[in-house]
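Asks:
Residue numbers (my numbering): 303 to 816.
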């Protein structure tokens, strides 16, 4: 998030805009918004925006069709100081949330995103899923764009989670979050993956997961355990509590509540992000892995509960390890693994990278140490391609079945499949899963399936085919799903083993057999 430009006065330049806009823009009326009840809006120079200038600015935002700062106000908003304008933004969001939340009033979210701080993010995020469930998808999309406009690391972390969580089921929300996150990454000269790494917060904890809260006359220490719970201790370790004592000052209790809430958000986003990294077989160089997962209070939890592999320059596996709760890095038998001596790259291993003996050893180790993984890794179901089936081009696990529309739709979306093209009478032609990070897509044919269909009606899923990412067009009345001898259809031997395995396991789960 860029800081305010001291060379621009928000108040003075909004006043100039109001003068140019004329008398008609001097008042702004909404049943739910009385400008006189909002906190003062101040710029970086401390100057306060007058009510007529504020009204003119609201007129400009309301007339805009987008969620960006309107062009006539772009120069003025360089003078925003979010530390000064955060109270104003939060009050504006709360007024809008208490209203009928009409899409036409999205200007309130745009304005709040342009001047607000992380409290805007925290106010909007809990509402997003509800709007999606209520089919108010545009509101969820506007919230994503407002969160993006805040631009803080916390906002970007939330946005990163949204682009993964909503990429399949609520595509417009996921697409808005993805576009905003990719733009933020490009503006920093980073890839989205690199930005995702960068914005994982430490929340004030040190590398060992400890943070001290001090006040006049006392102090208490919090430890973020590998169980993802806060454990409370006296700073000298002489006493501990299962929960925060009620005797601590209200300010400390308030800070602890905010941290607990943020931890829930971080956990959800990181579980989704790192499981995707596992499927993609993403790797980091040793120094970067050490920084992100061994010396970081959040990353260390995942390095403790997941198995990672060290790979040489040739890609060969040199060692398997995890971070033990005491901080050492060792294999399943407790033998120290020196990452820096091995060099190369490190990544969380997909079980397809392991043989059966290695999988069983690590399963036994995690059971013996009572280590609960954040998502299935060594217990992950895998399907290895039979060599004799390498020239096949269709998976038929679902063909001939007749699941109910509600069950089918719920299962495919839960596994990350997106609805494909919609044709005559709202007929859905296919579902597809994006393995674009690996360069491939899987496409599931479906018949007797329609938008808005009764959940109890039956549908007729067909076969699954693989294509290279980006080779199939989708949209309303677009008939481009490959069939028959279409050259875009790949043989199983042309598909990466992890894509084949994950797809087959998805089909087993969709069929209700997992």
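Ideal Cβ placement from N, Cα and C applies to all residues, glycine included.
#1: Can you tell me where the beta strand (DSSP E) with residue 454 in it begins and where it stops?
#2: Excluding sequence positions up to five away, which residues of its chain have a Cβ less than 7 Å from the Cβ of residue 569?
#3: If you reduce the DSSP assignment to three classes, tell me which class residue 760 lands in.
#4: Using the beta-carbon count (16 or more within 10 Å), is residue 719 buried or exposed?
#5: Mind pulling the alpha helix (DSSP H) runs of 4 or more residues that sit fully within the stretch 560-610?
#6: By a C-beta neighbour count over all protein chains shown, 10 Å radius and 16 as the cutoff for buried, is residue 424 buried or exposed?
#7: Using a threshold of 8 Å, state whether the C-beta atoms of residue 497 and residue 458 are closer than that.
#8: Going by C-alpha distance, which of 313, 536, 811 and 624 is nearest residue 673?
#9: What residues in its chain sit with their C-beta under 6 Å from that of residue 353, if we drop five residues either side in the sequence?
#10: Ordered along the chain, which non-local residues of its own chain (more than five positions away) have a Cβ less than 6 Å from that of residue 790?
#11: For residue 464, which three-state DSSP category applies?
#12: Looking at residue 596 and residue 251, is the spacing between their C-beta atoms short of 8 Å?
#13: Is there contact here, the stretch 604-621 with the stretch 494-510, by at least three beta-carbon pairs under 8 Å?
#14: For residue 649, which of helix, strand or coil comes out of DSSP?
#15: How many Å lie between residue 508 and residue 414 at the Cα?
#16: On the CB-based measure, 16 or more other CB atoms within 10 Å of its CB, does residue 753 come out buried or exposed?
#17: In terms of alpha-carbon separation, which member of 771, 748 and 419 lies closest to residue 700?
#18: Over the uninterrupted alpha helix (DSSP H) stretch that includes residue 499, give me the two end residues.
#19: Taking the alpha-carbon positions, what's the residue 429 to residue 636 distance?
#20: Looking at C-beta atoms only, is the number of pairs between the stretch 465-475 and the stretch 435-453 that lie closer than 8 Å three or more?
#21: May I ask you to report which of helix, strand or coil DSSP gives residue 320?
#22: Would residue 771 pass as a contact of residue 738 if the rule is Cβ separation under 8 Å?
#23: Could you pull out every residue in the same chain whose Cβ sits closer than 7 Å to the Cβ of residue 374, ignoring the five residues on either side in sequence?
#24: With a cut-off of 8 Å on the beta carbons, I'd call residue 609 and residue 642 a contact; round off their distance for me.
#25: In whole angstroms, give me the CA-to-CA distance for residue 455 and residue 386.
#26: Find the nearest neighbour of residue 560 within the set 549, 506 and 581, judged by alpha-carbon distance.
#27: Identify every residue that forms a DSSP beta bridge with residue 817.
#28: Give the DSSP-derived three-state secondary structure of residue 775 in the structure shown.
#29: Here's a check: name, in chain order, each residue in its chain whose Cβ is nearer than 8 Å to the Cβ of residue 303, leaving out the five neighbours to either side.
#30: Which class does residue 796 belong to by DSSP, given the choice of helix, strand or coil?
#31: From what residue to what residue does the alpha helix (DSSP H) around residue 430 run?
#32: Report the partner residues of residue 638 according to the DSSP bridge assignment.
#33: Would you mind reading off the limits of the beta strand (DSSP E) that contains residue 616?
#34: Could you tell me the boundaries of the beta strand (DSSP E) in which residue 667 lies?
#35: Please say whether residue 618 and residue 633 have beta carbons closer to each other than 8 Å?
#36: Assuming contact is defined by CB atoms lying nearer than 8 Å, are residue 351 and residue 316 in contact in what I supplied?
Replies: For this structure:
#1: Careful: residue 454 lies outside any beta strand (DSSP E) and carries neither H nor E.
#2: 530
#3: strand
#4: buried
#5: 588-591 and 601-607
#6: buried
#7: yes
#8: Out of 313, 536, 811 and 624, 624 has the C-alpha closest to the C-alpha of residue 673.
#9: Closer than 6 Å at Cβ, skipping near neighbours: 337.
#10: 769, 773 and 784
#11: helix
#12: Not covered by the structure: residue 251. The range shown for the chain is 303 to 816.
#13: no
#14: Residue 649 falls in the strand class under three-state DSSP.
#15: 32 Å
#16: Exposed: under 16 other Cβ atoms inside 10 Å.
#17: Among 771, 748 and 419, the Cα nearest to that of residue 700 is on 748.
#18: 494-500
#19: 45 Å
#20: yes
#21: Secondary structure of residue 320 (DSSP, three-state): helix.
#22: yes
#23: 319 and 362
#24: With 8 Å as the limit, residue 609 and residue 642 do not qualify as a contact, their Cβ atoms being about 19 Å apart.
#25: 18 Å
#26: 506
#27: Absent from the structure is residue 817, since the part of the chain shown begins at 303 and ends at 816.
#28: coil
#29: With a pLDDT of only 47 at residue 303, under 50, the local geometry of the prediction cannot be trusted, and no value is derived from it.
#30: helix
#31: 420-435
#32: 632
#33: Per DSSP, residue 616 belongs to no beta strand (DSSP E) and is neither H nor E.
#34: First-last for residue 667: 658-670, but that is the alpha helix (DSSP H), not the beta strand (DSSP E).
#35: no
#36: yes
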